[in-house]
Amino acid sequence: MEEQFEIRKEKLEKLKELGIEVYPYSFEKTHNFEQIKKDFSEMEEKEFEEKEISVAIAGRIVAIRKMGKSSFLHLFDGITRLQIYIRKDMVSEKDFQVFKLLDIGDIIGVKGRLFKTRTGELTVLVNELHFLTKSFHPLPEKWHGLQDKELRYRNRHLDLIVNEKTREIFKVRSELIKTIRMFFFERGYTEVETPMMHPIPGGAAAKPFVTHHNALDIDLYLRVAPELYLKRLLVGGMEKIFEINRNFRNEGISLKHNPEFTMIEFYELYKDFGYYMELTEDLFESLNEKLIPDKEIDFEDKKFSLKTPFKRKKYMELIIEKSGIKEDDLWNEEKLKEFIKKNIPDEEMPPTYGKMLELMFDHFVESSLLEPTFVTHYPRVISPLSKLSREDKRLTERFELYIAGMELANGFSELNDPFDQRKRFEDQVKDREKGDDEAHSIDNDFLFALEQGMPPAAGEGIGIDRLVMLYTSTFSIKEVILFPLLRPR
């Protein structure tokens with residue numbers, strides 16, 4: 213690698229000796245490669261001769277095939293590849309000298325006319341060569357040279373150059389976010405932005421990252437969720453709102469978890485969790501139409517449908533069904549503790565009853581939820597921001613959407629009783645004292661806003677990264693985040 217670096221540096225000096233501006237400021241393109249292929253792939257060679265279609269293009273050299281006084285090169289423009297043909301008698305002597313100093317990885321601009329080779333490949337016959345940037349390191353050997361996942365994540369720029377699948381994943385990601393935005397805009401929602409640094413962590417059960425503001429001399433927390441700020445906007449009368457942005461949770465890294473991740477949260481006044489389950493199904497219909505029109509998905513070698521309506525199952529009933537525990541024992545903390553000791557002996561005993569319920573669900577239920585399923589009516593003890601169920605006051609009007617064993621969405625009828633909300637926060641503080649370091653703190657500013665009066669409302673959050681995993685049949689969250697968090701080398 214060091215030898216290559218030095219050789220390429222020498223070539224850069226030779227380019228300078230030829231009077232070449234080795235880091236020019238611009239290059240005027242007329243076409244990108246996809247546009248050329250779309251517009252001209254069906255034309256016959258005779259038409260190219262008659263019309264003499266001139267183009268100016270730019271890209272990175274990814275292949276060179278020299279044949280004496282002429283050469284074929286493939287350029288890559290960040291999306292696709294296009295062939296160019298350089299002949300000594302078709303360019304200036306200076307341009308041909310520049311060509312001889314090029315390496316794979318260099319970035320060039322060319323002007324010329326389009327034609328088709330005898331094999332039918334669309335090609336640019338070059339009459340002007342413009343040097344744009346020297347690459348001092350060789351690219352990975354063709355498309356087989358960057359398979360190591362660790363190297364790919366650390367060198368995403370190389371991954372994007374040589375791996376078409378990676379480029380496709382992030383193209384889908386962009387299309388997915390665009391589709392979600394348009395879905396909410398078309399329904400009259402307003403996109404908003406709320407703070408990323410909070411004086412009190414809240415809105416989700418998670419460990420926060422802590423930072424310090426020097427001028428104010430206070431600790432701040434990177435947000436674990438935007439929920440409490442968004443609900444203040446509901447108090448202010450904003451009827452339909454959404455935010456797409458980053459959340460930060462100081463938790464472990466796994467196939468489904470990255471400490472920094474993207475979510476959409478959306479809220480609507482005068483609606484409840486039943487309406488939002490239907491809205492979520494409508495959102496998936498929009499995504500299906502754009503991304504997978506047949507609505508069939510293949511995830512971890514399992515095929516299933518994303519057709520709506522989705523199944524609906526109650527949280528406690530699923531635990532009973534999958535674990536075999538008796539209903540009375542599930543509602544009794546001591547009996548539940550005995551059941552966990554006997555049936556999940558390798559797990560450390562959770563510090564609170566709520567955490568015991570979550571362990572039961574994670575262990576016995578989560579992985580079985582392959583087909584789209586709304587898990588509904590979560591217990592009050594693990595749902596501090598949800599309205600109580602109209603059916604059973606031990607439960608709440610909360611749902612989570614599971615697909616392929618992954619939680620993708622969390623929504624509920626929003627708790628708008630400030631006295632009940634304060635009591636729930638106080639219960640969370642007690643859980644924290646018992647050892648639950650993910651429990652909520654008391655947010656008095658939020659409670660003050662609730663005391664001003666918040667209408668009935670529904671709210672929901674959807675994990676964008678996991679949604680991209682689903683629609684690209686990708687099994688690791690690192691594959692769908694351009695720069696996932698990695699341990700420093």
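Each residue of the sequence shown is one higher than the last, beginning at 213 in this note's numbering. For glycine and all other residues, C-beta sits at the position ideal for the given N, C-alpha and C.
| request: Out of E405, K549, I504, state which residue places its alpha-carbon closest to the alpha-carbon of M475. | output: E405
| task | Determine the closest residue to R634 out of E663, K646, V310, with distance taken between C-alpha atoms. | result | E663
| task | Give a yes or no on whether the C-beta atoms belonging to P438 and E455 are separated by under 8 Å. | result | yes
| field | Same chain only: Cβ atoms within 8 Å of L548, ignoring 5 sequence neighbours per side | value | I537, D541, L542, Y565, M568, L569, M572
| message | Checking 8 Å against the spacing of the C-beta atoms, do H410 and R435 come in under that value? | response | yes
| Any idea which residues DSSP pairs E477 with across the strands? | E455, G673
| said: Only counting the same chain, and skipping five residues up and downstream in sequence, which positions put a Cβ closer than 8 Å to that of L432? | reply: M409, H410, P411, V422, T423, H424, H425
| From what residue to what residue does the beta strand (DSSP E) around A270 run? | 266-279
| task | Report the rounded CA-to-CA distance for F624 versus R385, giving the unit in angstroms. | result | 26 Å
| said: Less than 8 Å between the beta carbons of A670 and F485, yes or no? | reply: yes
| query | Are I232 and F343 close, meaning C-beta to C-beta below 8 Å? | reply | yes
| said: Spatial neighbours of D446 within its chain, please: C-beta separation below 8 Å, excluding the five flanking residues on both sides. | reply: Going by the sequence as given, residue 446 is Leu instead of Asp. Closer than 8 Å at the Cβ level, and outside the excluded window around L446, lie I453, Y479, L481, E626, M666, P667, A669.
| Cβ shell of E508 (< 8 Å), same chain only, five flanking positions each side left out | K515, F516, S517, L518
| field | D643, DSSP secondary structure in three states | value | helix
| Would you call D318 buried or exposed, if buried means 16 or more other Cβ atoms sit within 10 Å of its Cβ? | buried
| message | I need the straight-line Cα distance from I552 to M561, nearest angstrom please. | response | 8 Å
| Quick one: what's got a C-beta closer than 7 Å to P413's C-beta in the same chain, skipping five residues either side? | P420, Y433, V436, S653
| field | Reference N628, options K221, A661, D604, G321, closest by Cα | value | A661
| Pairwise C-alpha distance: E672 and K346 | 49 Å
| message | So, under 8 Å CB-CB, I273 and I320 are touching, yes? Tell me the CB distance rounded to an integer number of Å. | response | 7 Å
| said: Within the continuous alpha helix (DSSP H) that includes Y365, where are the two ends? | reply: 361-366
| Is there at least one non-hydrogen atom of the ligand ATP closer than 7 Å to the beta-carbon of E578? | Although the ligand ATP was asked about, the structure shown includes no ligands whatsoever.
| request: Just grab the DSSP bridge partners of K422 for me. | output: According to the sequence provided, residue 422 is Val. The question's Lys does not apply to it. For V422, which the question treats as bridged, DSSP gives the partners Y433.
| task | Count the other C-beta atoms from every protein chain shown that fall within 10 angstroms of the C-beta of W355, then say buried if there are 16 or more, exposed otherwise. | result | Low local confidence applies: a pLDDT of 45 at W355 is under 50, so the model's placement there is unreliable, and no value is given.
| request: Assign G271 to one of two classes, buried (16 or more other C-beta atoms within 10 Å of its C-beta) or exposed (fewer than that). | output: buried
| request: Spatial neighbours of F687 within its chain, please: CB distance less than 8 Å, with the 5 preceding and 5 following residues excluded, ordered by chain position. | output: L467, F511, E512, M681
| field | Reference F637, options R592, E612, N555, closest by Cα | value | R592
| task | Helix, strand or coil for K514, going by three-state DSSP, please let me know. | result | strand
| CB-CB under 7 Å to L372, same chain, minus the five flanking residues each way: which ones, in chain order? | T378, R379
| Rounded distance between the beta-carbons of Y683 and I504, thought under 8 Å | 7 Å
| N-terminal and C-terminal residue of the alpha helix (DSSP H) that I689 is part of | Note, I689: premise wrong, no alpha helix (DSSP H); not H, not E.
| field | Coil, strand or helix - H243 by DSSP | value | coil
| message | Rounded to whole angstroms, what is the Cα-Cα separation between S304 and H469? | response | 55 Å
| field | Residues bridged to H410 [DSSP beta-bridge criterion] | value | Y433
| Cβ-Cβ distance between A616 and A417 below 8 Å | no
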